[in-house]
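If you're matching positions, the sequence shown starts at 1 in my numbering and goes up one per residue. In this text, a Cβ means the ideal position worked out from N, Cα and C, and glycines have one as well.
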Amino acid sequence: MRPLLIVKSGRTLPELARRRGDYEDWISAGMGLGPERIRIAHVYENASLPRSDAVAGVVVTGSSAMVSHREPWSERTAAWLAGAALAGTPVLGICYGHQLLAHGLGGRVGPNPRGREIGTVEVTLSGAARGDPLFQELPGRVRVQATHVEAVLELPVGARLLASSDADPHQAFAVGDRAWGVQFHPEFDADVVRAYLAARRELLLAEGLDPAALRRAASDSPHGAVLLRRFAGLLRD
C-alpha cells in the first residue's frame, strides 16, 4: 500500500518533543497508522518531495516559520502542494500547512489582524461542512487546540469555507472533495497546548493575554481525533 506522506514544516518545542514526541507522532497516532504506513519529508531542511501519485495522501504539519516570509523551501512546498491537491491527492494542511495550502492555491496569508489565537478554542462549522466528506461527522460547534499568529486572510478562489472562530474567520476550508486546510491542531491535546502556553508566557503577557486563564481553560476534546480518523479513512488505497 502507498504510504501517507507527512510533510514536516518544522519542529515542536524541544522540551515537549523530548517528553511527548513531535507532530508526526501525534498525527500518525491520531490516525491509527503505524510507522510502516508513514513517510516523512523534512521540507524545512530542504528534503525532496515525491510524486503525489506515489502516496496515499498528504498531511502538512505546523511550524514556527511564517508563510508570509516566503522562504524558498516553503515556496517550493506550496507549489508542490497545490499540484497535489489539484491532482486529486487527499491533502490535509494543519496550521502552517493550512496557510501554505491556501497560499499555494492563490489565497492570501499574513499576520492575523485579530492577533494571536492560542489555547482551547471553540470553532463553529458552516453549513457547507454538513455534507463535507471530512467534517460531516462533527457537530456544529467543536472544541479544538490552536496556536498561531498568522492566518488565511483571503481564501483561494473556489474554496469552500467550513469553519470559523471568534479570532479567525477562516478556521477551515476545502478545495474540491479531497483537499482541506484547518488552522487548528487536531493532533494536539490539552497537555500539548499547555506546553505552548508555558513557552509563550512572556509573549502572551506582552500582548495583553492571560496565560494563566488560558491554561485553566485548556481541556481535552474528541473532535480533533474524529477529524484525523476520518481523514485516514479517505486515503487512497
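Find the nearest neighbour of residue i within the set the options, judged by alpha-carbon distance.
i: Leu138; options: Val149, Glu150, Arg18, Glu122; result: Glu122
i: Phe173; options: Ala85, Ala206, Phe188; result: Ala85
i: Arg108; options: Gly83, Leu228, Val67; result: Val67
i: Ala198; options: Thr147, Met31, Leu4; result: Thr147
i: Arg236; options: Phe135, Pro72, Ala87, Arg70; result: Ala87
i: Pro169; options: Ala54, Asn46, Ala82, Glu117; result: Glu117
i: His69; options: Ala151, Asp22, Ala82; result: Ala151
If we call anything under 8 Å between Cβ atoms a contact, is residue i one with residue j?
i: Arg201; j: Ala218; result: no
i: Val149; j: Pro186; result: no
i: Leu100; j: Ala78; result: yes
i: Phe281; j: Met31; result: The requested residue 281 does not occur in the structure, where the chain is confined to residues 1 to 237.
i: Trp26; j: Tyr44; result: no
i: Gly97; j: Gly62; result: yes
In this structure, how does DSSP classify residue i when only helix, strand and coil are distinguished?
i: Gly233; result: helix
i: Ala47; result: coil
i: Glu150; result: strand
i: Ala78; result: helix
i: Gln136; result: coil
i: Gly158; result: coil
i: Asp166; result: coil
i: Leu119; result: Leu is not the amino acid found at residue 119; the sequence shown has Gly there. Strand, per DSSP.
i: Pro90; result: coil
Kindly give me the distance between the Cβ atoms of residue i and residue j, rounded to whole angstroms, as I take these residues to be in contact under 8 Å.
i: Gly106; j: Val157; result: 6 Å
i: Gly119; j: Leu214; result: 4 Å
i: Ser52; j: Thr89; result: 4 Å
i: Asp177; j: Asp220; result: In fact, because the Cβ distance is near 30 Å, the residues do not count as touching under 8 Å.
Run the proximity test for residue i: is its beta-carbon closer than 7 Å to any non-hydrogen atom belonging to the ligand SAM?
i: Glu24; result: Although the ligand SAM was asked about, the structure shown includes no ligands whatsoever.
query: Quick one: any contact between the segment 147–165 and the segment 107–127, if contact means 3 or more CB pairs under 8 Å?
result: yes
Touching by the beta-carbon criterion (3+ pairs, under 8 Å), the segment 219–235 and the segment 141–149: yes
Three or more C-beta pairs closer than 8 Å, one from the segment 86–93 and one from the segment 32–44: is that the case here? no
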